[in-house]
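Structure record follows, encoded as structure tokens.
Number of protein chains: 4
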Amino acid sequence: MQKRIYYNHTDAGGVVYHSNYITFCEQARSEYFFKHRIFFENEGYVVKELKAKYIKPAKLGDIITIHTYIKEVKKASLTLLQTITKENIDIFEMEITVVFIKNGKISKIPENHLRIINELKNKR
Amino acid sequence: MQKRIYYNHTDAGGVVYHSNYITFCEQARSEYFFKHRIFFENEGYVVKELKAKYIKPAKLGDIITIHTYIKEVKKASLTLLQTITKENIDIFEMEITVVFIKNGKISKIPENHLRIINELKNKR
Amino acid sequence: MQKRIYYNHTDAGGVVYHSNYITFCEQARSEYFFKHRIFFENEGYVVKELKAKYIKPAKLGDIITIHTYIKEVKKASLTLLQTITKENIDIFEMEITVVFIKNGKISKIPENHLRIINELKNKR
Amino acid sequence: MQKRIYYNHTDAGGVVYHSNYITFCEQARSEYFFKHRIFFENEGYVVKELKAKYIKPAKLGDIITIHTYIKEVKKASLTLLQTITKENIDIFEMEITVVFIKNGKISKIPENHLRIINELKNKR
Chain V
4 MQKRIYYNHT DAGGVVYHSN YITFCEQARS EYFFKHRIFF ENEGYVVKEL KAKYIKPAKL
64 GDIITIHTYI KEVKKASLTL LQTITKENID IFEMEITVVF IKNGKISKIP ENHLRIINEL
124 KNKR
Chain B
4 MQKRIYYNHT DAGGVVYHSN YITFCEQARS EYFFKHRIFF ENEGYVVKEL KAKYIKPAKL
64 GDIITIHTYI KEVKKASLTL LQTITKENID IFEMEITVVF IKNGKISKIP ENHLRIINEL
124 KNKR
Chain H
4 MQKRIYYNHT DAGGVVYHSN YITFCEQARS EYFFKHRIFF ENEGYVVKEL KAKYIKPAKL
64 GDIITIHTYI KEVKKASLTL LQTITKENID IFEMEITVVF IKNGKISKIP ENHLRIINEL
124 KNKR
Chain D
4 MQKRIYYNHT DAGGVVYHSN YITFCEQARS EYFFKHRIFF ENEGYVVKEL KAKYIKPAKL
64 GDIITIHTYI KEVKKASLTL LQTITKENID IFEMEITVVF IKNGKISKIP ENHLRIINEL
124 KNKR
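Protein chains in written order, with our numbering: chain V, 4 to 127; chain B, 4 to 127; chain H, 4 to 127; chain D, 4 to 127.
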């Protein structure tokens, strides 16, 4: 997924505000489901933990690319590696574990989600 | 209501990003209800229209004050005047009309809300 | 400009948080300049006033389109009409006046900007 | 630092959007400096890495508390432990390393900052 950096993503330091990179990664995860016509109702993936590394900043007007790789698929959780690049250079890296929640409870990841997730796995 | 300006409120122009002033005003409206122990469930006030005037910018570290005045109370809607000041000088002004929605439908503003709203009215 | 609605744009009411529509319109204005390789340095357009009308909400996963029309071009300011549609239906409308600022002072809109702005004018 | 959860912090899942907890922690760090009358000019702390753990969600209207502890002070960087509690229960934990930047370059943390940082250290 590609994204343009706009004013609202930046801060007075002149670069993208740090938690926005984490937001961009979530948008890339959601886009992947939306694109496959999976819309969440009373369910969704909730963040359990994440580790992020900030390498270089992105600036106003930049175009960045968010890359998503599957690291591990468990019954009710997913661990992903997400990186952000700018002109093919890594500027941000994150490992994130999300848990599938349905009607407020941790639940098995549905079959139709797994099909999509496995596609992503093979594409790397 | 007083608020400090932090990095995430600012943009690469070095001042508060314009839609954040509108967000700050909403927080002041919500705070007013929360403070009176009114929490919304399947209901709430939805913005119908607003007119905003930007007078001076606020910067990182500034402390601003949001003032809320009642302009008109109708059966299902409220028109408010909200201003933001910095060291007693007006920096932003907004007139906003919000509509009360319950279970997805426009509804009469409840009695306990009206009591609080009228208090605010008399305080000006 | 088309945009997808993600989680961070929505709020606990289940729809897009009201000031985000105003942010989306700013992104469409900026995109127009970025696309023409105009990047701002110590200069930019600052919001002076706006009037917004909320017609229908947008929801998680929706794809919206932001339309920008020129209403009036003055020496140092622009008045634009911006609308947001979802499946060709208007959901939001805004009239906004922005002022051109260079090195902290109101300044004449540069020639290369005017060329782009006029293109937009004729396209309507 | 205490904070109220407002609509703009929440998402369509009904709880606080995950990257906002990371923003709240940055606000607590900044507040600490602002409160001691340190305002940044062409300098500031830039995030290098962070590890976050999401324990329980916060909801609209909740009041949360952000706690900041010093873990390690180096010449040009700081490692902090930050936790967020709701009614004295931990809901979020983060270890974060920030680097001091002055005029675009990694720099020694100034003496007046160290004084404040050490105060925080002893308070735990």
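All C-beta atoms in this analysis are idealised placements derived from N, C-alpha and C, irrespective of residue type, glycine included.
For clarity, every value in this text was computed on a predicted model and none was experimentally measured.
I believe TYR72 of chain V touches LEU84 of chain V by the beta-carbon criterion, under 8 Å. Please report the beta-carbon distance rounded to the nearest angstrom. 4 Å
Relative to the C-alpha of PHE95 of chain D, which candidate in D:LYS78, D:LYS59, D:ASN115 and D:PHE103 has its C-alpha closest? D:LYS59
Just curious, the alpha helix (DSSP H) that TYR35 of chain B is in, first and last residue? It spans 21-38 - the alpha helix (DSSP H) in which TYR35 of chain B sits, taken as one unbroken run.
Just verifying my parser: in three-state terms, what is the DSSP assignment at LYS111 of chain V? Here LYS111 of chain V sits in coil by DSSP.
Would GLU1 of chain V be called buried (16 or more neighbouring beta carbons within 10 Å of its own) or exposed? With chain V running from 4 to 127 in the structure shown, residue 1 of chain V is simply not present.
Select from D:ASP65, D:ASN91, D:LYS56 and D:ILE104 the residue whose C-alpha is nearest the C-alpha of LEU81 of chain D. D:ILE104
Chain-ordered chain D contacts of ASP65 of chain H [CB-CB under 9 Å]: Chain D residues near ASP65 of chain H: none, gap ~11 Å exceeds 9 Å.
Measure from the C-beta of TYR72 of chain B to each C-beta in chain V and report whether the shortest distance is under 8 Å. no
Nearest-angstrom Cα distance between GLU46 of chain B and THR68 of chain H? 28 Å
So if I threshold CB-CB distances at 8 Å, which residues from the region 40-55 of chain V count as touching chain B? Correct list: empty, as no residue qualifies.
Taking just the CA atoms, how far does ALA31 of chain H sit from PHE42 of chain H? 14 Å
In the structure shown, what three-state DSSP assignment does ILE41 of chain H receive? coil
Per-residue DSSP class, three states only, for ILE87 of chain D: strand
DSSP-derived helix/strand/coil call for TYR72 of chain D: strand
Whole-number beta carbon distance between VAL50 of chain B and TYR57 of chain H, since they are thought to touch under 8 Å: Contact between TYR57 of chain H and VAL50 of chain B holds: CB atoms are separated by about 5 Å, below the 8 Å threshold.
Rounded to whole angstroms, what's the CA-CA distance from VAL101 of chain H to ASN121 of chain H? Just pull it up for me. 16 Å
Between the region 4-27 of chain B and chain H, which residues of the former have a C-beta closer than 9 Å to a C-beta of the latter? ALA15, GLY16, VAL18, TYR20, HIS21, SER22, ASN23, TYR24, ILE25 and THR26
ILE8 of chain V vs GLY64 of chain V beta-carbon contact at 8 Å: yes
Run down chain D in chain order and give the residues with a C-beta less than 9 Å from the C-beta of PHE95 of chain B. In chain order: nothing, as chain D lies at least about 17 Å away.
Which chain B residues are close to TYR57 of chain H, counting only those with a beta carbon under 7 Å from its beta carbon? Contact annotation for TYR57 of chain H against chain B: VAL50, LYS51 and GLU52 [CB-CB distance below 7 Å, chain order].
What does LEU53 of chain B pair with, by DSSP beta-bridge criteria? B:ILE99 and H:ALA55
Measuring only between beta-carbons, confirm whether GLU29 of chain B sits less than 8 Å from chain D. yes
From LYS62 of chain B to ARG118 of chain V, what distance separates their C-alpha atoms? 49 Å
Is it buried or exposed for ASN180 of chain B, if we count other Cβ within 10 angstroms and need 16 for buried? The requested residue 180 of chain B does not occur in the structure, where chain B is confined to residues 4 to 127.
Can you name, in chain order, every residue of its own chain whose Cβ lies under 6 Å from the Cβ of MET4 of chain H, other than the five neighbours on each side? ALA31, GLU34 and ILE69
In angstroms, rounded to a whole number, what distance separates the CA positions of TYR48 of chain V and PRO113 of chain H? The alpha-carbon atoms of TYR48 of chain V and PRO113 of chain H are separated by roughly 48 Å.
Residue-chain proximity (GLU34 of chain B, chain D), Cβ-Cβ < 8 Å: It does: the Cβ of GLU34 of chain B has a partner Cβ on chain D nearer than 8 Å.
Can you pull the chain B residues whose beta carbon is under 7 Å from the beta carbon of PHE37 of chain D, in chain order? ARG7 and GLY64
Outcome for ASN23 of chain B when other beta-carbon atoms lying within 10 angstroms are tallied against a minimum of 16: buried
Could you have a look at LYS77 of chain V and say whether DSSP puts it in helix, strand or coil? coil
Within 10 Å of its beta-carbon, does ASP14 of chain B have 16 or more other beta-carbons around it, so buried, or fewer, so exposed? buried
DSSP-derived helix/strand/coil call for TYR10 of chain D: Under the three-state reduction of DSSP, TYR10 of chain D is assigned to helix.
With distance defined between alpha-carbon atoms, name the residue in D:LYS78, D:ASP93, D:LYS38 and D:LYS108 nearest to LEU123 of chain D. D:LYS38
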